[in-house]
């Protein structure tokens with residue numbers, strides 16, 4: 267759920283209040299009260315009081331206030347020294363509650379830092395932004411360094427304290443803004459933001475503006491200086507995000523269009539900002555133009571192209587432009603190669619020939635990409651997200667070959683399977699073995715328990731690229747056709763391929779023998795190496811192979827296979843227990 271700034275919250279709250287009559291508001295409040303737990307009722311009643319007016323109250327003298335503020339700065343400095351000297355930690359070790367390592371020690375720092383932040387916020391509210399700036403800066407530095415260097419006990423420090431650190435940082439930024447002259451503000455704000463490079467994703471100018479109800483002075487002037495200042499900085503994740511935000515806030519859609527058109531190669535994310543702004547105003551023709559420009563300008567291989575293609579897809583559906591729908595799906599697949607996007611493209615193909623063309627093009631792309639990856643790795647973690655390149659999943663080539671009915675090449679790939687390491691899903695045996703076992707299955711019989719489970723697992727990829735743009739909810743995107751879940755779609759396609767392009771009897775036998783050999787090698791590797799947590803996988807695989815024999819009226823051969831493995835590992839009681847469990851599922855064999 268989005269965290270609202272104070273101004274956003276109060277604005278939304280006022281809008282809600284204005285929507286209802288006095289009686290309706292009374293009804294809402296009473297309903298809230300009725301739903302409270304008994305222990306919360308008194309506290310709820312205490313909230314229904316008017317704030318005391320400042321008028322007539324004793325005012326704190328300026329001298330006393332200055333002394334209190336100076337004393338607070340010294341307290342923060344003293345607290346920082348104690349943190350620096352590891353006063354709150356006495357070791358580092360494993361915490362079974364969290365399943366991770368953490369610093370052990372005195373957790374009283376949490377209440378202490380909350381008290382300090384509360385007092386800084388009081389200074390901030392009183393309008394002494396210069397002192398508040400110094401105090402926020404010191405305290406935030408202490409907190410960050412304490413987290414990074416294990417000087418504060420605990421595990422999830424943000425959860426241990428009452429202070430909202432994100433809001434404290436935004437108030438600090440606001441203090442920086444209010445204590446600088448207009449020409450110096452961009453550099454000062456940039457320096458302040460750069461202090462939080464590792465966790466600055468939620469820090470932005472929008473938050474700084476709306477963290478308080480008061481309007482910032484000279485904001486229009488800042489809005490002119492800020493984007494130009496940012497464009498002169500070295501391109502990084504932080505600077506790129508701030509450039510896009512600055513243009514969106516102060517220059518609107520036309521500014522985003524100019525940024526994308528003139529500096530899109532430097533800031534690829536500008537195309538997404540532009541497209542999102544157009545979508546928010548239902549300008550679908552403009553979306554087609556913007557997306558087409560992005561796909562034309564940006565280098566092939568960038569993952570961000572798939573997100574641009576998603577916007578093109580939505581606009582094309584809204585405008586009923588079939589050619590653009592097909593193009594958007596293919597562009598998304600090339601930029602973000604994965605099974606889900608491949609199936610999306612196949613779903614839209616009008617006939618078998620068109621599906622074959624898509625699969626052939628994708629296989630050619632995979633081969634070129636494999637050669638490229640053998641020379642250099644494309645996923646570099648020091649790149650900003652706009653320049654990420656998505657690596658082709660290792661199992662996508664086999665998926666394409668099976669979907670195109672190229673059984674010989676698929677079997678050749680399956681031969682390279684290794685007995686262990688199937689959990690990643692990329693070993694060719696993960697899909698190849700179940701596929702050729704299913705191909706050998708007697709179609710007049712329904713799949714039995716173990717083979718059915720193995721088949722479902724093999725066709726359900728562990729990691730799938732999210733179809734929607736990050737942060738979207740399906741209900742918010744009525745123009746987008748939401749695909750069915752990937753696993754059943756994939757199985758449906760593979761089963762259709764086996765019907766459309768059936769294997770010859772000799773090939774069925776040859777490939778199923780190979781699949782059985784690979785399965786047995788895996789069983790030996792798992793049980794022989796006493797990988798107890800994977801015994802169920804070995805048992806499932808063995809019973810699945812045996813069930814294929816049964817479907818072809820060769821139950822005795824299936825039983826013999828089970829008996830050989832059972833006898834070989836007669837001392838492995840845990841594995842034998844798994845065999846019995848799996849045998850009971852299908853009810854065909856005795857163990």
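Numbering (the working numbering), first residue to last: 267 to 857. We put the CB at the ideal spot given by N, CA and C, even for glycine.
Nearest neighbour of residue i, chosen from the options [CA to CA]
i	options	result
residue 481	388, 443 and 342	443
residue 601	671, 452, 520 and 560	560
residue 656	569, 289, 723 and 725	569
residue 473	440, 404 and 429	440
residue 512	471, 308 and 668	471
residue 563	528, 582, 692 and 829	528
residue 653	572, 341 and 399	572
residue 597	670, 624 and 515	624
residue 755	823, 694, 610 and 833	610
residue 403	434, 412 and 378	434
residue 575	599, 341 and 585	599
residue 429	409, 828, 421 and 445	409
residue 631	446, 335 and 567	567
residue 947	760, 711 and 793	Absent from the model: residue 947. The displayed extent of the chain is 267 to 857, so no value can be given.
residue 608	727, 406 and 851	727
Whole-angstrom C-beta distance between residue j and residue i, which should lie under 8 Å
i	j	result
residue 484	residue 460	Not quite, the Cβ-Cβ distance comes to about 22 Å (not below 8 Å), so this is no contact.
residue 705	residue 622	Rounded, the Cβ-Cβ distance is 20 Å, inconsistent with contact.
residue 213	residue 707	Since the first and last residues shown for the chain are 267 and 857, residue 213 lies out of range.
residue 603	residue 659	7 Å
residue 380	residue 427	5 Å
residue 550	residue 593	The pair is not a contact, with the Cβ atoms about 15 Å apart (cut-off 8 Å).
residue 629	residue 663	7 Å
residue 697	residue 717	Actually they do not touch by this definition, with Cβ atoms about 14 Å apart.
residue 488	residue 520	Between residue 520 and residue 488 the Cβ distance is about 19 Å, and since that is not below 8 Å, they are no contact.
Neighbour-count burial assignment, residue i, 16 or more Cβ in a 10 Å radius
i	result
residue 721	buried
residue 374	exposed
residue 364	exposed
residue 709	exposed
residue 841	buried
residue 618	exposed
residue 437	buried
residue 535	buried
residue 688	buried
residue 297	exposed
residue 399	buried
residue 295	exposed
residue 752	buried
residue 358	exposed
residue 423	buried
residue 665	buried
residue 344	exposed
residue 477	buried
residue 817	buried
residue 554	buried
residue 768	exposed
residue 270	exposed
residue 690	exposed
residue 523	buried
residue 287	exposed
residue 635	buried
residue 695	buried
residue 732	Confidence at residue 732 is low in this model, with a pLDDT of 35, below 50, so its placement is unreliable and the value that follows should be read with caution. Result: exposed.
residue 827	buried
residue 281	exposed
residue 667	buried
Strand pairing of residue i, partner residues [DSSP]
i	result
residue 368	359
residue 568	655
residue 420	369
Any chain D beta carbon closer than 8 Å to residue i
i	result
residue 856	This model lacks chain D altogether, as it is built from one protein chain only.
Residue i beta carbon near the ligand FMN (any heavy atom closer than 7 Å)
i	result
residue 814	Among the components of this structure there are no ligands whatsoever, and the ligand FMN is therefore not found.
Report task. Answer yes if the segment 356 to 372 comes into contact with the segment 386 to 402, meaning at least three C-beta pairs across the two stretches below 8 Å, and no otherwise. Result -> no
**Report entry** Given 8 Å, three or more beta-carbon pairs between the segment 673 to 684 and the segment 779 to 786
**Finding:** yes
**Report entry** Segment contact flag, the segment 416 to 429 with the segment 349 to 358, C-beta cutoff 8 Å, min 3 pairs
**Finding:** yes
**Report entry** Stretch-stretch touch, CB-based, cutoff 8 Å, three pairs: the segment 837 to 856 with the segment 799 to 809
**Finding:** yes
Query raised in the report: Contact between the segment 302 to 319 and the segment 372 to 391: three or more CB pairs below 8 Å?
Result: No contact exists between the segment 302 to 319 and the segment 372 to 391.
**Report entry** Given 8 Å, three or more beta-carbon pairs between the segment 783 to 801 and the segment 757 to 775
**Finding:** no
Query raised in the report: Pairing CB atoms from the segment 499 to 515 with CB atoms from the segment 536 to 543, are three or more of them under 8 Å?
Result: yes
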